[in-house]
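For reference, the structure discussed in these notes is given below.
Residue numbers (the numbering used here), protein chains in the order written: chain H, 1 to 114; chain B, 115 to 229.
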């Protein structure tokens with residue numbers, strides 16, 4: 001049981017390049033999330049998917065797109081990378097249960113845009 | 115709007131001393147509150163959560179937090195710090211539906227433990 005996995009762990013891009021960050025979970029969770037973490041700002045939600053087939057914008061969606069490929073996988077795409085997108089990206093998943101929403105996080109992808 | 119504020123971006127304690135990390139929330143409805151810990155170069159791990167069952171919540175690694183509605187606070191404590199507690203700690207609140215809601219995180223507090 002690997003939990004939430006993310007690839008790649010590290011990536012360096014040049015301004016204008018595109019790339020896709022991959023995320024997969026093996027916990028049969030319905031909901032999945034993408035966050036970015038920047039110093040002094042905590043984690044900010046980029047996009048989320050409450051269930052397979054649905055996606056919604058979070059707090060900072062500009063410059064990103066997502067795809068919920070199936071129940072397990074949720075990818076984040078940067079179409080034209082900018083230096084402001086240098087950050088650590090975390091994927092998370094949660095199961096709809098009870099009255100709370102415990103999220104499980106992947107190890108993160110460190111992205112640098114030059 | 116629901117949000118959380120963590121007081122102090124950096125807290126330093128001696129090994130064996132009390133750990134107190136502060137979190138205040140704003141919410142127009144009863145909140146669901148969480149504390150997460152992030153060890154260096156790792157993802158976030160849930161320490162504990164408040165879901166209105168009990169005001170004093172015990173978590174992993176000896177941490178606990180007390181929900182105080184009158185003070186809108188959910189401070190994290192540990193009686194005796196260990197070197198392995200050095201990490202970044204995040205307070206978070208759910209917004210929207212309690213089943214499908216989104217987490218809003220505080221800015222984080224880095225805990226340093228001195229020998």
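Note that CB positions come from ideal geometry on N, CA and C, so glycine has one too. These numbers were taken from a predicted model, which means no experiment stands behind them.
- At a cut-off of 7 Å between beta-carbon atoms, residue 90(H) makes contact with chain B.
- At a cut-off of 7 Å between beta carbons, residue 157(B) contacts chain H.
- As the crow flies, the alpha-carbon of residue 138(B) is around 11 Å from that of residue 180(B).
- Taking all protein chains in view, the Cβ of residue 124(B) is surrounded by fewer than 16 other Cβ atoms within 10 Å, so the residue is classified as exposed.
- The alpha-carbon of residue 200(B) is positioned some 24 Å away from that of residue 5(H).
- Per DSSP, residue 178(B) is one residue of the beta strand (DSSP E) stretching across 178-182.
- Rounded to whole angstroms, residue 194(B) and residue 178(B) show a C-alpha spacing of 12 Å.
- Chain B has a Cβ within less than 7 Å of the Cβ of residue 105(H).
- Three or more beta-carbon pairs drawn from the stretch 13-24 of chain H and the stretch 67-81 of chain H are found closer than 8 Å, and the two stretches are therefore classed as touching.
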